[in-house]
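Peer 1:
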Amino acid sequence: MKIIVNGKELEVSGRRRLIEELREAGYDVPSLCYAPDAKHEPSCMVCMVKNEVNGEMLPSCGVYPSEGMRIDTDSEEVRELRRMAVELLLSEHKARCGGCESKAKCRLRELALQMKAKWNRFGALPPVEPVVYEHVTGRLYFEPAKCVRCGLCVYNSQDGFTFQRRGFNMQVVIPEESKGHVGENLAELCPTGALFLKE
Ligand code: SF4
Ligand code: SF4
Ligand code: FES
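Here it is in structure tokens:
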């Protein structure tokens, strides 16, 4: 099938998510709660694109292409929406990067820098929480203050991790009995320093 992307025709299979088709064709679409080959549920809205046919903004990691779509990946409007999505995550982030050991691998920080996102776009930031982390398994640790509730660990830990509560109060919990069953590879998947490896 054919879709139009930024004014140019693109042949797509229709069997892969829009973000995958776009990236394969060389379009740069950012993401946070999506990772190739991992289970996920669209939640962060960092991957938004616009369907110019009806003006709808779409999370490209959660939709499949359909015939006749006219996708905008790079207008100021689209980039501003993505920036706002990152700023919303930053506004709830209870840690600051200065002194954070996870800077080198942190996708949230990388996106914030790339997009020139403001940490305080939505008003005063939450206070920085003291560094408190819990041991999960092997070298894997969890620091809740750095979690942005993207869900990647929840959907890829074979029921080891769960979400507790809803909305702004939602948080990841790791039941004691599950701790031995999750893999250290979750640290790679986590887009912040919330899950990290330590000797
Ligand atoms: S986890 Fe990332 S965004 Fe959060 S303080 Fe560390 S480097 Fe900064
Ligand atoms: S711990 Fe990491 S992977 Fe899990 S929900 Fe939080 S930010 Fe996402
Ligand atoms: S990357 Fe698509 S909604 Fe998060």
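At position 166 of the sequence shown (counting the first as 1) the number is 998 in my numbering, and the numbers step up by one without a gap.
Virtual Cβ for every residue (Gly too), placed ideally from N, Cα, C.
Tell me residue 1028's beta-bridge partners as DSSP assigns them.
Peer 2: Here residue 1028 refers to the residue found at position 196 when the sequence shown is read from its first residue. Partner(s): 973.
Peer 1: Going by the beta-carbon positions, is the gap between residue 1027 and residue 985 smaller than 8 Å?
Peer 2: To locate residue 1027, count along the sequence shown from 1; it is residue 195. To locate residue 985, count along the sequence shown from 1; it is residue 153. For residue 1027 and residue 985, yes; Cβs fall inside 8 Å.
Peer 1: Quick one: residues in its chain with C-beta nearer than 7 Å to the C-beta of residue 877, no 5 flanking neighbours on either side, listed in chain order?
Peer 2: Against the sequence shown, residue 877 aligns to sequence position 45. These residues qualify, in order along the chain: 891 and 917.
Peer 1: Would you identify the three-state DSSP class for residue 967, choosing helix, strand or coil?
Peer 2: On the sequence shown, residue 967 is found 135 positions in, with the first residue counted as 1. Strand at residue 967.
Peer 1: With DSSP as the reference, identify every bridge partner of residue 916, one or two as the case may be.
Peer 2: Mapped onto the sequence shown, residue 916 falls at position 84. BP columns for residue 916 are empty, so no partner.
Peer 1: Should residue 917 be listed as close to ligand 1, given that the test is whether its C-beta is under 7 Å from any heavy atom?
Peer 2: By one-based count along the sequence shown, residue 917 stands at place 85. Flag unset: Cβ of residue 917 not near ligand 1.
Peer 1: Please report the straight-line C-alpha distance between residue 846 and residue 894, rounded to a whole angstrom.
Peer 2: In the sequence shown, counting from the first residue as 1, residue 846 sits at position 14. In the sequence shown, counting from the first residue as 1, residue 894 sits at position 62. Spanning the two alpha carbons is a distance of roughly 13 Å.
Peer 1: Mapping DSSP to helix, strand and coil, what is residue 1021?
Peer 2: Position 189 of the sequence shown, counted from the start, is the residue given in the question as residue 1021. DSSP places residue 1021 in helix when its eight states are reduced to three.
Peer 1: Candidates 942, 838, 971 and 924: which alpha carbon is nearest residue 906's?
Peer 2: Within the sequence shown, numbered from 1, the residue matching residue 906 stands at position 74. Closest by alpha carbon: 838.
Peer 1: Among residues of its own chain, excluding the 5 on either side of residue 950, which ones have a beta-carbon nearer than 8 Å to its beta-carbon?
Peer 2: Working through the sequence shown from its first residue, we reach residue 950 at position 118. The answer, listed in chain order, is 919 and 922.
Peer 1: Taking only the alpha-carbon atoms, compute the straight-line gap between residue 1011 and residue 971 and give it to the nearest angstrom.
Peer 2: Within the sequence shown, the letter at position 179 stands for residue 1011. Within the sequence shown, the letter at position 139 stands for residue 971. So the two alpha carbons sit approximately 12 Å from each other.
Peer 1: Looking at C-beta atoms only, is the number of pairs between the segment 959-979 and the segment 856-871 that lie closer than 8 Å three or more?
Peer 2: The segment 959-979, when compared against the segment 856-871, does not touch it at the 8 Å Cβ threshold.
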